[in-house]
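Number of protein chains: 2
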Amino acid sequence: MAPVALAPLMGLSPQNGAVAGERPNIILFMVDDMGWQDTSHPFWREKTALNERYHTPNMERLAAQGMTFTQSYACSVSSPTRVSLMTGMNAARHRVTNWTLHKNRSNDKESANLSFPEWNWNGISQVPGIPFTYEVTALPQLLKNSGYHTIHCGKAHWGAIDTPGENPHHFGFEVNIAGHAGGGIASYHGENNYGNRTDGSPSPPQAVPGLERYWGSNTFVTEALTLEALTALDKAKKLGQPFFLYMAHYAIHIPIDRDPRFYQKYRDAGLSEKEAAYAALIEGMDKSLGDIMGWLVENGLEGNTAIIFMSDNGGFSTSTQWRDAPLHTQNAPLNSGKGSAYEGGIRVPMIVKWPDVTTPGSRCDEYLIIEDFFPTILDIAQVEERETKQPIDGVSFIPMLQGRKTSYQDRALIWHYPNRWGNEGPGIGTTSTIRKGDWKLIHYYESGKKELFNINDDIGETVNRAEDEPQRVQQLAIELGEYLRSVNAQRPSFKNGGEMLGLGRDRVNEDSNMCPWPDE
Amino acid sequence: MAPVALAPLMGLSPQNGAVAGERPNIILFMVDDMGWQDTSHPFWREKTALNERYHTPNMERLAAQGMTFTQSYACSVSSPTRVSLMTGMNAARHRVTNWTLHKNRSNDKESANLSFPEWNWNGISQVPGIPFTYEVTALPQLLKNSGYHTIHCGKAHWGAIDTPGENPHHFGFEVNIAGHAGGGIASYHGENNYGNRTDGSPSPPQAVPGLERYWGSNTFVTEALTLEALTALDKAKKLGQPFFLYMAHYAIHIPIDRDPRFYQKYRDAGLSEKEAAYAALIEGMDKSLGDIMGWLVENGLEGNTAIIFMSDNGGFSTSTQWRDAPLHTQNAPLNSGKGSAYEGGIRVPMIVKWPDVTTPGSRCDEYLIIEDFFPTILDIAQVEERETKQPIDGVSFIPMLQGRKTSYQDRALIWHYPNRWGNEGPGIGTTSTIRKGDWKLIHYYESGKKELFNINDDIGETVNRAEDEPQRVQQLAIELGEYLRSVNAQRPSFKNGGEMLGLGRDRVNEDSNMCPWPDE
Chain A
1 MAPVALAPLM GLSPQNGAVA GERPNIILFM VDDMGWQDTS HPFWREKTAL
51 NERYHTPNME RLAAQGMTFT QSYACSVSSP TRVSLMTGMN AARHRVTNWT
101 LHKNRSNDKE SANLSFPEWN WNGISQVPGI PFTYEVTALP QLLKNSGYHT
151 IHCGKAHWGA IDTPGENPHH FGFEVNIAGH AGGGIASYHG ENNYGNRTDG
201 SPSPPQAVPG LERYWGSNTF VTEALTLEAL TALDKAKKLG QPFFLYMAHY
251 AIHIPIDRDP RFYQKYRDAG LSEKEAAYAA LIEGMDKSLG DIMGWLVENG
301 LEGNTAIIFM SDNGGFSTST QWRDAPLHTQ NAPLNSGKGS AYEGGIRVPM
351 IVKWPDVTTP GSRCDEYLII EDFFPTILDI AQVEERETKQ PIDGVSFIPM
401 LQGRKTSYQD RALIWHYPNR WGNEGPGIGT TSTIRKGDWK LIHYYESGKK
451 ELFNINDDIG ETVNRAEDEP QRVQQLAIEL GEYLRSVNAQ RPSFKNGGEM
501 LGLGRDRVNE DSNMCPWPDE
Chain B
1001 MAPVALAPLM GLSPQNGAVA GERPNIILFM VDDMGWQDTS HPFWREKTAL
1051 NERYHTPNME RLAAQGMTFT QSYACSVSSP TRVSLMTGMN AARHRVTNWT
1101 LHKNRSNDKE SANLSFPEWN WNGISQVPGI PFTYEVTALP QLLKNSGYHT
1151 IHCGKAHWGA IDTPGENPHH FGFEVNIAGH AGGGIASYHG ENNYGNRTDG
1201 SPSPPQAVPG LERYWGSNTF VTEALTLEAL TALDKAKKLG QPFFLYMAHY
1251 AIHIPIDRDP RFYQKYRDAG LSEKEAAYAA LIEGMDKSLG DIMGWLVENG
1301 LEGNTAIIFM SDNGGFSTST QWRDAPLHTQ NAPLNSGKGS AYEGGIRVPM
1351 IVKWPDVTTP GSRCDEYLII EDFFPTILDI AQVEERETKQ PIDGVSFIPM
1401 LQGRKTSYQD RALIWHYPNR WGNEGPGIGT TSTIRKGDWK LIHYYESGKK
1451 ELFNINDDIG ETVNRAEDEP QRVQQLAIEL GEYLRSVNAQ RPSFKNGGEM
1501 LGLGRDRVNE DSNMCPWPDE
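One line per chain: the protein sequences are A and B, in this order. For the first sequence, the numbering used here begins at 1 and goes up steadily by one. For the second sequence, the numbering used here begins at 1001 and goes up steadily by one.
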């Protein structure tokens, strides 16, 4: 049980419809696979070519009303991020380190040299005894217990099919629109029934459930989810409870289907078919944000509703099936994309508008990570009863929202991926990573290689400083290794003792084929 | 907070697939408006003409495997019964004393002489601050908290439209099939989309939600709910949790639509159109019971699943729109029906099969009442954490299930209905009622009249013994009045001090027009 201090929230002056003492509504707007530059709102120190390409006027509007976070981090793939969000735990601890789908089955791609640990491939659960899960008290459960009306809309992706974790209702959500085990989407198109079969045969696992009323229509799934969310908000407004809406779009995950509402506009602007489709997916998502912001204004609730905009990992950049060559440049100036330990895989767009707290148009350059959302949202909701089955690794970023002068340079952020995604690219591998201050160390388990980058000087991670800075490497490797051992993190192991890599038995522990920790 | 003792459950020998120490699955099969005689399984000491008329082979099968309760009581209308079930409270305490539907609106029919109290017409709620509700910790919430997978299928009817109580998910149900604020049903027919409009205009409040996939088909709603429940059970079986299925049929509430699967059979047997439709509704419900029992057998779970069969009030008997004349005879040998304080309104069919506990083919003639289900089901589920916001009035009937020699003749059962239903008939009025041992006293607030019946000698409540037994009347009236005051029950009041009734001011309290308590 990890008690989390309640941040002081006194002295907030009620304005813009906020009622003193009333707990705010909270909307967490979570986009799937949205890269740091997949927006017209600049998150870097300068506006980039990608910022010019994409049109997200509602993100711009939200940023003008709230605070832009320039160094917000998620994990490099979906399930770890979403589990950290729901539980407040670092992925190294919760062990849902790769993406989940089928029960009792790993999605690690076979490796010639490495064997991967038995991670929690069934996700999280709310009850004991479910194999390969971490039993937790989830964020929406605490919100529900404290009196919030809790709404899930869109992608869940916390547990495998036919395990408790597949069902958002198991974690305290009282409304579930279209959430299930799947983390992808079979089709964005209503004309395709969002991938569902209608002949009675089983639908594919990534077919979107629960949107039957739009089947056969030309309603793009982003719009269908938005319409359903607004209906749920209409209801929520009447209930006499504050609400928590987790608006988790399937966009902009592959397949990069063409959103017909915006596609031609980007073709006319000269983009290729693939890139026009990608840009249209983004703008469709942005329209949803605008529609929800509009609903708040129309209903007089914008003054007492906190909106948090976030993505679950970096933009997709590893296949010319969906993106134009050259690959791994789609998140520039960041290197690489989804699946990578590089910034392109983990740094994501984040904006928070919390009326009377965040300063309109402000920016925060401190770093934070996805598990920090758990205590922060509980703080915003003024939840007092926080007993959880799991320990909480996240740290509330309420002081950042309040604009208090803080520095988190002494805090280390940790990523842990003892897995293999499958796609290839820079920084994509079986890695553990630490960031502290301006420095970031990546440890590759297969090769034993270490990379050191100064993120402030070299956001593109182009110059490996490991050889120049052996002491810094050692310090960070020790801190990383100690952390991983302290949370009982899992490690990959070498097939044949690493002999195929020419490592020999001396590279590994005497008694096992385990890959060494970063500091071993 | 009312701690409830956990009944001893040791010494149960695992048989028929039950696993020692494994908590049983629980199915509560709740029929709507089903009278005591609406079945071929006899609940009286002899088989009646109605038992010959109706065909419920699956109830017979369940009774052969379990225990028949001959004196099981509910309230006389739906919401009070269902709230008592969900909360463990007597209706006099929870104040949801009449049926609910619209927010902030009473369904009491206007009376010339009486004004009715501001009862909890918005039902129950799970959060504080909702006007005209009782805030509770509901039965499925405790089951969910303890690790059960909780499924609601069918009619809910715990709270008004646009209040928290309308949503089964607010009370701990993790799956909700077709449950909402409505307590009736606009249409049983898939051809009518179960009453839903498809032109975009709002559907009537009693249209059944959530069964869109059957719209336009010839699937009778009883069958649609069963199919959906079986799908939910297929899923539940995979999750690794015990399950609680609340299978709450809309059948056999009015309108008495014709179930085409069974209707002609009863016409051929000589029943009128109305009575054939009524009999067919019953058999359709019974088929659902059989399908669920069959699913348990097919899935090897019948040995570790408790089934409780129950109805929420007596059979409908007050209008020739739906039943053949003569009225008020439809629950014979019981007098009257739904809405009445007489046995016809409150005594209902009940069967429990709990493998290795209930003796096959046994009968229990002790009386019990709906709020007793709350602690009993928690006992069956071995729930240890039972902290509730509300006090618990119900008493566990585990000893009855175990066939231990018990007697509840010293316990008083209480009904309280400070309302006006609208339909007329014997025992239908603004009443409070007490049963203790063989005796039952009914107090009518409008007239001040008291009726005393010996239920054992006179199950049809034909002979009012009040004049013969003044001392017994006084004793029961005192116990009834003291109980009602102890739970802060509500009373109606006289319009114009009761002068229109010729009562004069001396009939009532000096300071108000409140109707006197039964013992005043």
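Ideal Cβ placement from N, Cα and C applies to all residues, glycine included. Keep in mind it's a predicted model, so treat the numbers as computed, not measured.
| Query | Result |
| --- | --- |
| Sequence-distant residues of the same chain with beta carbon closer than 7 Å to residue 416 of chain A, five excluded per side | 91, 92, 97, 432, 484, 489 |
| Extent of the continuous alpha helix (DSSP H) to which residue 51 of chain A belongs | 49–53 |
| Residue 126 of chain A burial status per 10 Å Cβ neighbour count (16 or more: buried) | buried |
| Local Cβ density within 10 Å of residue 1330 of chain B, reported as buried at 16 or more and exposed below that | buried |
| 8 Å contact criterion, which residue 1185 of chain B and residue 1221 of chain B should meet: CB distance rounded | 7 Å |
| CB contact below 8 Å: residue 162 of chain A versus chain B | yes |
| First through last residue of the alpha helix (DSSP H) which encompasses residue 1379 of chain B | 1373–1380 |
| As assigned by DSSP and simplified to three states, the class of residue 1263 of chain B | helix |
| Beta carbon of residue 1145 of chain B nearer than 8 Å to that of residue 1134 of chain B | no |
| Meets three-Cβ-pair contact criterion under 8 Å: the stretch 205–219 of chain A and the stretch 265–282 of chain A | no |
| Cross-chain neighbours of residue 1182 of chain B in chain A, by beta carbon under 8 Å | Residues of chain A passing the Cβ test: none, with the nearest at roughly 15 Å. |
| Option in B:1428, B:1391, B:1327 with minimal Cα separation from residue 1089 of chain B | B:1391 |
| Proximal residues to residue 1520 of chain B (C-beta, below 6 Å), its chain only, five neighbours per side dropped | none |
| With 16 other Cβ atoms within 10 Å as the buried cut-off, status of residue 1386 of chain B | buried |
| At least three beta-carbon pairs within less than 8 Å, the stretch 146–158 of chain A to the stretch 259–268 of chain A | no |
| Strand pairing of residue 26 of chain A, partner residues [DSSP] | A:244, A:306 |
| Cβ neighbours of residue 1180 of chain B in the same chain (closer than 7 Å, five flanking residues each side left out) | 1156, 1166, 1209 |
| DSSP beta-bridge partners of residue 514 of chain A | A:493 |
| Chain B residues whose Cβ lies nearer than 8 Å to that of residue 213 of chain A | 1212 |
| Nonlocal neighbours in the same chain, by C-beta distance under 8 Å from residue 174 of chain A, ignoring five residues either side | 144, 149, 150, 151 |
| Bridge partner(s) assigned by DSSP for residue 1115 of chain B | B:1493 |
| Bridge partners - residue 482 of chain A, DSSP secondary structure assignment | Its beta-bridge partners do not exist; DSSP assigns none. |
| One or two residues paired with residue 1431 of chain B in a DSSP bridge | B:1417, B:1444 |
| Cβ pair count under 8 Å reaching 3, the stretch 391–400 of chain A against the stretch 300–320 of chain A | no |
| Host beta strand (DSSP E) of residue 1347 of chain B (start-end) | 1347–1353 |
| Neighbour flag for residue 1337 of chain B against chain A, beta carbons, 8 Å | no |
| Residue burial classification, residue 1361 of chain B (beta-carbon count within 10 angstroms, cutoff 16) | exposed |
| Beta-bridge partners of residue 452 of chain A, as assigned by DSSP | A:441 |
| Exposed unless 16 or more other CB atoms sit within 10 angstroms - verdict on residue 1300 of chain B | exposed |
| C-beta atoms of residue 1048 of chain B and residue 1332 of chain B nearer than 8 Å | yes |
| Cβ-Cβ distance between residue 1427 of chain B and residue 1442 of chain B below 8 Å | yes |
| Neighbour list for residue 177 of chain A in chain B, Cβ cutoff strictly below 7 Å | The premise fails here: residue 177 of chain A is roughly 12 Å from chain B at the closest Cβ pair, so nothing lies under 7 Å. |
| Beta carbon proximity, residue 387 of chain A to chain B, threshold 8 Å | no |
| Residue ranges of each beta strand (DSSP E) within the stretch 178–262 of chain A, 3 or longer | 243–248 |
| Contact list for the stretch 223–241 of chain A against chain B, Cβ threshold 8 Å | 235, 238, 239, 240, 241 |
| CB contact below 8 Å: residue 394 of chain A versus chain B | no |
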